[in-house]
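J.:
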Amino acid sequence: MRTIEIVEGDAIDGEALQALVREAVAYNARQDGTAPVLLSGGNPQIAKGDGDAPVQAYIAAMPGWKSEVGRRLDALIEQNVPGVRKAVRWNSPFYGVEGMGYFLNLHVFTRYVRVTFFRGIALEPLPPGKMKDPDARFIDVHEGELDEEQIGAWVRQAAAIPGWDLG
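Sequential numbering from 9 applies to the sequence shown in the numbering used here.
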């Protein structure tokens, strides 16, 4: 077990604190000794929840190389949208802005991680994937193909426009 002692007036090492929280979430997600169930395509089954903890549990449960992609995407979103809201719904993490709604989600498939922008039609350049919802666009991130610069630009744009209300 690791701990970080924080006393009033201390400078906090944000990276160390985030790493500790991620470890605790991953540990607590498996307290009964079982890993989360992986659904079709390897998508983790994570209970509905709000905040960082269920999102970190999802990322920790992503299989293989996809977990690293999930960590990098989560960090990229936090870097580009300070104070980002997080939630897990329908076994997928959602990211949003208070008062503006949710602007994207992640979902694991067999060969890639899908990043869906709910109002992707308003992004420049357009993300390549089309969905039934004419406003939504996505990009499938395959192993070794995470374009952090482009996805970061889309994240900044998407966070600035009204998103989707999870209800």
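For each residue, glycine too, the CB sits at the ideal point set by N, CA and C.
1) Just the Cα atoms here: how many angstroms apart are Met1 and Leu131?
2) Taking Phe146 as the reference, give the member of Phe126, Asn88, Ile67, Glu153 with the closest Cα.
3) Out of curiosity, what's the CA-to-CA distance linking Gln165 and Leu47?
4) State buried or exposed for Val149, treating a residue as buried only when at least 16 other CB atoms are found within 10 Å of its CB.
5) For Trp162, which of helix, strand or coil comes out of DSSP?
6) Any beta carbon of chain C sitting closer than 8 angstroms to that of Gly171?
7) In whole angstroms, what is the alpha-carbon distance linking Leu159 and Thr118?
8) Rounded to the nearest angstrom, what separates Val89 and Val163 at their Cα positions?
T.: The short version:
1) As shown, the chain starts at 9 and ends at 175. That puts residue 1 outside it, with no answer to give.
2) When only C-alpha atoms are compared, the closest one is Phe126.
3) About 31 angstroms.
4) Of the residues assessed, Val149 falls on the buried side of the cut-off, its CB having 16 or more other CB atoms within 10 angstroms.
5) The three-state secondary structure of Trp162, taken from DSSP, is helix.
6) Among the chains in the structure shown there is no chain C, since it carries only a single protein chain.
7) Here residue 159 turns out to be Ile, not Leu, going by the sequence shown. In a straight line, the C-alpha of Ile159 is about 21 angstroms away from that of Thr118.
8) Using only the alpha carbons, I get a separation of about 8 angstroms.
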